[in-house]
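Peer 1: Residue numbers for the sequence shown, in the working numbering: 435 to 580.
Before we start, here is the structure in question, set down as structure tokens.
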Amino acid sequence: MEFKDFSRSINHTKLDKFADYLASGKIMGTTCKKCGSRYYPPRADCKKCFSDGMDWVELKGRGKLITFTSINVPPDYFDVGFKNLTPPFSKARYTACPIGILRLDNGLSIMGWIPGIALKEISVGLELVAVPVTLPDGTVTIKLCD
Ligand SMILES: [Zn+2]
């Protein structure tokens with residue numbers, strides 16, 4: 435998968451494999467071989483010791499929601515399970531699309547859409563799991579689900 439299928443603003447990075455991993459169902463971070471620092475989103479170079487020796491590490495398991503908000507006019511490409519899609523500004527116009535940040539046990543945080551849970555049922559501390567999802571147009575994003 436091309437990195438542009440994950441990021442709308444960046445076509446190529448030293449971390450192109452991140453998009454390939456997402457397309458294969460894995461959310462990956464990096465760990466510095468020299469000092470052990472962990473990163474998500476993944477980094478190609480360690481910001482603590484400046485080493486470029488990194489290992490890919492899969493991030494999986496449940497985490498706790500540390501914050502969330504709702505976007506009422508999400509981008510056109512957004513369609514990971516919300517209903518009432520109506521153009522022209524957005525296919526999901528005026529439909530609350532919750533988005534949140536999940537903190538994993540290892541301390542790393544993953545941002546993702548929360549399409550399967552009603553906004554009124556979402557609260558900080560909710561235990562969720564982050565899962566890659568391929569949208570109808572072929573782009574890949576991350577959703578947080580039960
Ligand atoms: Zn390092």
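By construction, the Cβ of each residue, glycine as well, lies at the ideal position given by its N, Cα and C atoms.
None of these values were measured; they are calculated from a predicted model.
Taking contact to mean 3 or more Cβ pairs, one atom from each stretch, closer than 8 Å, check whether the stretch 536-555 and the stretch 476-486 are in contact.
Peer 2: No, the stretch 536-555 does not touch the stretch 476-486.
Peer 1: With the cut-off set at 8 Å, would you say L542 and R496 are in Cβ contact?
Peer 2: Not closer than 8 Å, so no.
Peer 1: Using the Cα positions of D454 and K460, report the straight-line distance between them to the nearest angstrom.
Peer 2: Approximately 9 Å between the Cα atoms of the pair.
Peer 1: Just the Cα atoms here: how many angstroms apart are G572 and I556?
Peer 2: Roughly 28 Å between the two C-alpha positions.
Peer 1: Less than 8 Å between C-beta atoms, sequence neighbours within five positions excluded: which residues of the same chain meet that for C483?
Peer 2: Excluding positions up to five away in sequence, the list reads C466, K468, C469, S471.
Peer 1: So what's Y473 in DSSP terms, helix, strand or just coil?
Peer 2: Reduced to three states, the DSSP call for Y473 is strand.
Peer 1: Which stretch, first to last residue, makes up the alpha helix (DSSP H) that contains K481?
Peer 2: Where K481 is concerned, there is no enclosing alpha helix (DSSP H), given that its DSSP letter is neither H nor E.
Peer 1: Considering only C-alpha positions, which residue in the set G559, K498, T464 is nearest to S485?
Peer 2: Ranking the options by Cα distance to S485, first place goes to T464.
Peer 1: Between which two residues does the alpha helix (DSSP H) holding D454 run?
Peer 2: Taken as a continuous stretch (DSSP letters only), the alpha helix (DSSP H) holding D454 covers 451-457.
Peer 1: By Cβ distance, which residues of its chain are closer than 7 Å to I505, with the 5 residues on each side in sequence left out?
Peer 2: Correct list, in chain order: C531, I533.
Peer 1: Which value, in whole angstroms, describes the spacing of the CA atoms of V574 and V565?
Peer 2: Cα to Cα, V574 sits roughly 10 Å from V565.
Peer 1: Please say whether L560 and C579 have beta carbons closer to each other than 8 Å?
Peer 2: In this structure, L560 does not lie closer than 8 Å to C579 by Cβ.
Peer 1: Closest by CA to M462, which one among E492, F502, T503?
Peer 2: Taking only the C-alpha atoms, the option nearest M462 is E492.
Peer 1: Rounded C-beta distance between R537 and I576? I'm assuming under 8 Å.
Peer 2: Wrong, their Cβ atoms sit about 14 Å apart, outside the cutoff.
Peer 1: Within a Cβ cutoff of 7 Å, which residues of the same chain sit near N540, ignoring the five residues on either side of it in sequence?
Peer 2: Counting only Cβ-Cβ distances below 7 Å, and skipping sequence neighbours, we find R472.
Peer 1: Would you list the residues whose beta-carbon is nearer than 6 Å to any heavy atom of ligand 1, in the order they occur in the chain?
Peer 2: In chain order, the hits are C466, K468, C469, S471, C480, K482, C483, S485.
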